[in-house]
Every structure is written in C-alpha cells, then in structure tokens.
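Below you'll find the structure, written out as structure tokens, and then a few comments.
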Amino acid sequence: MKFDDLLFTYLGEFGKYQATQFILVCLPTMFTAMHSLSWTFTAPDVNHRCRLQNEQENTNYFLKNDVSPYIPFDDSCFSSSFTNNSEKCLYKKCTYQNTSTCPYGYVYYLPNNMYTAINRWDIVCERSIWKATIQSSYYVGQMLGSIIFGILGDRVGRKKVFMMALVMQIVAGLLMPITPHWLLYAFLRLITGFSHPGIFVIAVIIGMELVGPSKRKISPVFTGGFFALGQVVLGILAYFLRDYRFLQVSIALPTVFFLSYHFIVPESPRWLVSKKRYVEADKILRKAAKTNKTTIPEKWWEEIDTMNENGDKSDLERNHGYSDLFKTPKIRIRSIVAFFIWPVVSMVYYGVSMKPDFLGGDPYIAFIFGGLMELPAMVVVYCIIDTFGRKPLLGGGFIFCALFMIISLFLGDLNLNWIWNLILYSLVKGSITIVYASIYTFTPELFPTVIRNTAMGLCSTFARIGAILSSYVSMWLVTEFGKLYMIIPFSICAIIAGIATLFLLPETVGEPLIETIEQLENLNDKDIILTETKKLSMTDELTTNTIN
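Right, here's the structure in full:
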C-alpha cells in the first residue's frame, strides 16, 4: 500500500483537520506578502529639487521667487505660469545651473506628512539605483533562503524550517523602522527575504502533503489568495500611514503571534513517513482522524511500500541532493523547464507589482486594485485547473500576460482615461497571477517526495534571479527611460515560458504524488493517466464510505 492510499482512504482528502492546519500555515503568508512589497511604499517616487546654496534645512519645496536660472521647471511647465506655492508646476529633478548634480543637497515635496526612505537617505539622482539595490537585497535573501531551507526542509522537517523563518522575519521586521543607515536597512531586507521561502514555500508544501489529489489545488490557490490579501492590506495601510516607519511597524508587530505555532502546528506526516518516523506520524494522524471523525488501522506503517522491485534499499531511505534533479532523463527535462519558467513568472509578477502605476494613475489605487484582482484569478484557477489541466492555465497565462502588455504598449500614446489603464493593468496582473497560482500546484507534482522540497527550493532560487532583475527594471530603468524597457523583455520571456510549458512538460492533473525517483522514471505517461483515474475514483468512493 502506498502512503497516499492509506492517508486518503482512511483520513479523507480534505477534512476539518486539514482545513484548520492549512488556514494556520497560510496566515503568515499575508505578512510575507506585505514585507516583500513594502519597499514600493517605503521608498516611493518623491518629487525633489536641488537645494540652493545657503538655503535653510527645513525650507519649502516651492519657492516664492523665480529661480529658473538655477533650478529650471519641468519640461511640462513654463516659468510664466508659475504662481506662489503652485503644486501644478514642479521643478526639474537633479538639475542645478545646467548640471546634473546637486552640490548642496535636496529639497523634497512631501505632502500628507509623508516621510520615506528616499528623503531620509537621499536615494535620488546618482544614488537612485540604490532603490533597486535595496529591493534586490530582499530577493538575494530569498535566493539564499531557498537554497538553505530547500535542503533543510527535506532533511530536518517542514515545521522546524517554518518556525526558524518566522523568527527571522519577526526580528528583522521590527528592527527595520529604527535602523540608522540604508546599508543596514538593506541587510535587514535581505534577512526578511531569507525567511520568505521558509514561510511561503513550506506553507504550500505542508498544505499539499496533507490533502488528496483531487483537492491538491487548494494549497497553492488559497496560499496565493492569502498572499493577495496581504497586498490589499499593505496598500490600505500605506495609503493612511505615509511615514514608512509606522508602516513597517504595522506590518512586523502582528507577526509575533505566530510564535505560538510551535505548540499548535505539527510536522508534516508525509515527511515523517519518508524518514520512517512512524510513531510520530501515527500520533499526528490519529489526532487528525479524531478531528475528521474517522479511524485509521493499527500499525498502518507495516503496510507502506518501502522497497523497490528488486528488494534493494528504498529510495526513501537515503538523503538526496541537487544532483539528483539531473541524473535521469525525465526528471532532467522537468528540472530544466521548471528552472526557466520560475524566474520568468517571478520577474513579471514582481515587476508589475512594484510598479503599479507604470501605465499611469494613482499608485495606491492601482496596487490595491491589482491585489484585489488576484482573488478572482485564484478563483478561476481553483474552479478550472482540474478540468482544463495545469498546462493550459500555466502556458496560456504566460502568453495572455505578454499579449496584454504588448497591447498596453500600443495604446499608451492614446492618452486613455485612467480607468482603462487600470483595467489593462488588472488584466496583466490577473494573467500572471493565474500563472503563479498554477505553478505552485504544478511544480510539486512534477517531483518525487524525496526531492520535492529540494526541487521547490531550487525553483525558488532561480525565481529570485528574475525578481532581482525586475527590481532594476521596474525601480530604475522604467523611471529613467520609460515603460518600453519593462514591457519588451517581460513579454518575450513570458511567451517563451508559455511555449516551453505547453510542449515540454507532462500533465499531472489527477495523478498521485510520486514518492521516489525510480517511480518517476518507470512511469508510462499514457498508462498512468488511465490507471490513476480509476484509482482516484475508487479512493473517492472509499473515502466517502469511511467519512459517512
């Protein structure tokens, strides 16, 4: 008997126990989302001008007198239309007496009691690239965390990694508002990013390892839903808290509650079984069965398959590393494609999220609306991913995202109403969200249990390369040179990723999670679909009878 057969025949594919544990591990992902994108509002684009020689420290951005010989107006303004304290006519940034430097510092336009990291550390003009560098430090942290937590999650357990990551996020998040230097702030962003895969990826894996094949879509879709809710909450908080220090505290402080998870969230039973820690797994499964009002047999582990066909030592009994992802033909193809499409989806998703106003409009409204639009995208994935399959949603989402971005490029010169820009932005965000939700369902199903967390960790590592690139594209290139420098590379990469998904990866809908690499390589793709469809039907019937 395979562990899937035991677990879902007797425990049920998705009962009260699975739902409770799943919601618990999903809640921290809301705050992970807020941390990952908080720099968008911590360091927003701030209008500024060069400070005049001998100008006082707390001077007003708007000057009473015409100083155009020293600081010219923006190209859209004319000195003749300038009026006292006019907020319609801004000065040119980074320009002083026809030079591109500000020798005496900067004066910022900060309405609504705004206080940002930009004006605190003068991250403007020749220092403007620091803005992208600080955000990219978060993704460097994610990359390192993916490598470390990917291995640790398979070796020491899902729960230990989850708790370690939570502690790191809490400590770094609470220190950021009081840090005195931007380099230290960047380091704390790196630590927070390091915790990201230990929370989000592990939450997805814990959820997927608790539920049956027909309910497996719940884990990444609802985890993504909580991530989207985090974005909406962040946008609302940022709208009212214009001081970045208060915003950061409001994100970090509530996460202290999650330290209680040490006592209420158990280890993944599937991981315990893969390590032959049956007694610990039995305690958890019996508690789950009691919650779900079912029963499981005594000494069930004696019926679990742990030997291969030749009677050799099971693949489950040895440790696995990154080299196992490339040793055999089928897993090699899956690995190569996965390691390409992950950085692409990350680059596009975070790029459009960090620059919500790249098509125009208010950044707060666009950000909140973009987060809200992720929710129906998640619903779409949940409703049709088992009907249409993983591949059409993943590949089609990539291609439609590229299409909408290209359309926005051609419509950009028409000066459309901001509502149309918002709709187009929402379509881009919705399409890439469908990809993100699908990829978290699809990728774990491509890899066996013995290497699944390692594979997911490495996928997340490659995804950080895309996220790092997106930081410099959306927070530097677009600001300096225009949206063309974001739309073209994003669209090309998305189209290639969509084609690779559709033609090089197998469909996994309805199949059980594979336990070992040997099982994967011995699969006959055509036979497995027919066999497992029948098995799923039988399992559903047995599960229904057990619950009733």
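Here this note's numbering is used: the first residue of the sequence shown is 235, the next is one more, and so on. Heads up, the beta-carbon is just placed ideally off N, CA and C, and yes, glycines get one too. Predicted, not measured: the structure shown is a model, and the values here were computed from it.
I'd like the list of long-range same chain contacts for Val395, defined as Cβ closer than 8 angstroms, with 5 residues on each side in sequence excluded. Numbered from 1 along the sequence shown, position 161 holds the residue referred to as residue 395. Result list for Val395: Phe383, Leu386, Gly387, Gly432, Ile436, in chain order.
Nonlocal neighbours in the same chain, by C-beta distance under 8 angstroms from Pro434, ignoring five residues either side: The count along the sequence shown starts at 1 and reaches residue 434 at position 200. Residue 434 is actually Phe in this sequence, not Pro. Only Thr263, Thr266, Thr457, Phe461 meet the Cβ criterion.
Helix or strand or just coil, what does DSSP make of His269? Taking the sequence shown and counting its residues from 1, the one referred to as residue 269 is at position 35. Correct three-state label for His269: helix.
Using only CA atoms, which one of Ala697, Tyr330, Ile425 lies nearest to Tyr372? Taking the first residue of the sequence shown as 1, we reach residue 372 at position 138. The option with the nearest alpha carbon to Tyr372 is Ile425.
Secondary structure of Cys323, DSSP reduced to three states: In the sequence shown, the residue the question calls residue 323 occupies position 89. The answer is coil: DSSP assigns Cys323 none of H, G, I, E or B.
What do you get for Val341, buried or exposed, if any count of 16 or more other CB atoms within 10 angstroms of its CB means buried? Position 107 of the sequence shown, counting from 1, holds the residue named residue 341. So Val341 ends up on the buried side.
Please classify Gln376 as buried or exposed, where buried requires at least 16 other C-beta atoms within 10 Å of its C-beta. Taking the first residue of the sequence shown as position 1, residue 376 is located at position 142. So Gln376 ends up on the buried side.
Could you check what DSSP says for Phe349 in three-state terms: helix, strand or coil? Locating residue 349 in the sequence shown gives position 115, where the first residue counts as 1. Per the sequence presented here, residue 349 reads as Tyr, with Phe not at that position. It is a strand residue.
Other residues of its chain near Thr254: CB distance less than 7 angstroms, five sequence neighbours each side excluded: Here residue 254 corresponds to residue number 20 of the sequence shown, with the count starting at 1. Excluding positions up to five away in sequence, the list is empty.
Span of the beta strand (DSSP E) around Val341: Counting from 1 along the sequence shown, the entry for residue 341 is found at position 107. It spans 340-342 - the beta strand (DSSP E) in which Val341 sits, taken as one unbroken run.
Just how far apart, CA to CA, sit Val438 and Gln369? Counting from one through the sequence shown, the residue named residue 438 turns up at place 204. Counting from one through the sequence shown, the residue named residue 369 turns up at place 135. The straight-line gap from Cα to Cα measures roughly 24 angstroms.
Beta-carbon proximity list for Phe560, same chain, < 7 angstroms, skipping 5 on both sides: Residue mapping note: residue 560 aligns to position 326 of the sequence shown, counting from 1. Closer than 7 angstroms at the Cβ level, and outside the excluded window around Phe560, lie Arg566, Ser569.
Answer yes or no: do Val445 and Glu247 have a C-beta to C-beta separation smaller than 8 angstroms? In the sequence shown, counting from the first residue as 1, residue 445 sits at position 211. In the sequence shown, counting from the first residue as 1, residue 247 sits at position 13. Cβ distance < 8 angstroms, so Val445 and Glu247 count as in contact.
Outcome for Phe715 when other beta-carbon atoms lying within 10 angstroms are tallied against a minimum of 16: Counting from 1 along the sequence shown, the entry for residue 715 is found at position 481. With fewer than 16 other Cβ atoms inside 10 Å of its own Cβ, Phe715 counts as exposed.
For Phe681, which of helix, strand or coil comes out of DSSP? For the purposes of this step, residue 681 is taken as residue 447 along the sequence shown, with counting starting at 1. Note: Phe681 maps to coil in three-state DSSP.
Look at the Cβ atom of Ile404, then the Cβ atom of Val490, and state whether they are nearer than 8 angstroms. Along the sequence shown, one-based indexing puts residue 404 at 170. Along the sequence shown, one-based indexing puts residue 490 at 256. In this structure, Ile404 lies near Val490, with their beta-carbon atoms less than 8 angstroms apart.
Under 8 angstroms between C-beta atoms of Pro503 and Pro746: Here residue 503 is taken as the residue at index 269 of the sequence shown, counted from 1. Here residue 746 is taken as the residue at index 512 of the sequence shown, counted from 1. Judged by beta-carbon spacing, Pro746 lies beyond the 8 angstroms limit of Pro503, meaning their Cβ atoms are not closer than that value.
Going by the beta-carbon positions, is the gap between Tyr512 and Ala600 smaller than 8 angstroms? Translated into the one-based positions of the sequence shown, residue 512 becomes position 278. Translated into the one-based positions of the sequence shown, residue 600 becomes position 366. Between Tyr512 and Ala600, the C-beta gap is not smaller than 8 angstroms, which leaves the two residues out of contact.
Nearest to Tyr583 (by Cα), restricted to the options Lys524, Leu506, Met607, Lys663: Looking up residue 583 in the sequence shown gives position 349. For Tyr583, the nearest C-alpha among the options comes from Lys663.
Nearest-angstrom Cα separation, counted from Ala734 out to Leu643: The count along the sequence shown starts at 1 and reaches residue 643 at position 409. The count along the sequence shown starts at 1 and reaches residue 734 at position 500. For Leu643 and Ala734, the distance between alpha carbons rounds to 25 angstroms.
Segment limits, alpha helix (DSSP H) that includes Cys797: No information on residue 797 is available, as it lies outside the stretch 235 to 782 that the chain covers here.
Would you mind sorting Tyr338 into buried or exposed? The rule is 16 or more other CB atoms within 10 Å of its CB. Along the sequence shown, one-based indexing puts residue 338 at 104. Exposed: under 16 other Cβ atoms inside 10 Å.
Length at least 4, wholly inside the region 570-654: the alpha helix (DSSP H) runs in chain order: 597-622, 624-645
Phe681 beta carbon less than 8 angstroms from that of Ala689: On the sequence shown, position 455 is the one that residue 689 refers to. On the sequence shown, position 447 is the one that residue 681 refers to. Phe681 sits close to Ala689, with the two beta carbons spaced by under 8 angstroms.
Does the pairing of the region 608-620 with the region 724-732 give three or more beta-carbon distances under 8 angstroms? no
Whose CA, out of Phe634, Pro678, Pro345, lies closest to the CA of Trp576? Start at 1 with the first residue of the sequence shown, and residue 576 comes out as number 342. Nearest option by C-alpha distance: Pro678.
Expressed to the nearest angstrom, what Euclidean distance is found between the alpha-carbon atoms of Leu418 and Gly249? By 1-based counting over the sequence shown, the position of residue 418 is 184. By 1-based counting over the sequence shown, the position of residue 249 is 15. Looking at the two C-alpha atoms, the distance is approximately 45 angstroms.
Roughly how many whole angstroms lie between the Cα atoms of Asn288 and Gly585? Indexing the sequence shown from 1 puts residue 288 at position 54. Indexing the sequence shown from 1 puts residue 585 at position 351. Distance between the alpha carbons of Asn288 and Gly585: 40 angstroms.
Whose C-alpha, out of Ser587, Val374, His554, Ile702, is nearest the C-alpha of Ile666? On the sequence shown, position 432 is the one that residue 666 refers to. Ile666 has its Cα closest to that of Ser587, out of Ser587, Val374, His554, Ile702.
For Tyr512, the first and last residue of its enclosing alpha helix (DSSP H): The sequence position of residue 512 within the sequence shown is 278, counting from 1. Residues 512-525.
Can you name, in chain order, every residue of its own chain whose Cβ lies under 7 angstroms from the Cβ of Gln252, other than the five neighbours on each side? Translated into positions along the sequence shown, residue 252 becomes position 18. Leu444, Val445.
Is the region 459-474 touching the region 265-282, taking contact as three or more C-beta pairs under 8 angstroms? yes
In the DSSP assignment, find the unbroken alpha helix (DSSP H) run with Ala731 in it and report its ends. Indexing the sequence shown from 1 puts residue 731 at position 497. Ala731 -> alpha helix (DSSP H) spans 718-738.
Given a cut-off of 8 angstroms, decide if Val390 and Tyr343 are closer than it, judged by their beta-carbon atoms. To locate residue 343, count along the sequence shown from 1; it is residue 109. To locate residue 390, count along the sequence shown from 1; it is residue 156. The answer is no: Cβ separation not under 8 angstroms.
Do Gly203 and Gly427 have their C-beta atoms closer together than 8 angstroms? Residue 203 lies beyond the range of the chain shown here (235 to 782); nothing can be said about it.
Just list the residues that DSSP pairs Tyr304 with in beta bridges. Your numbering for residue 304 matches position 70 in the sequence shown. The partner list for Tyr304 (beta bridge, DSSP) is empty, contrary to what the question assumes.
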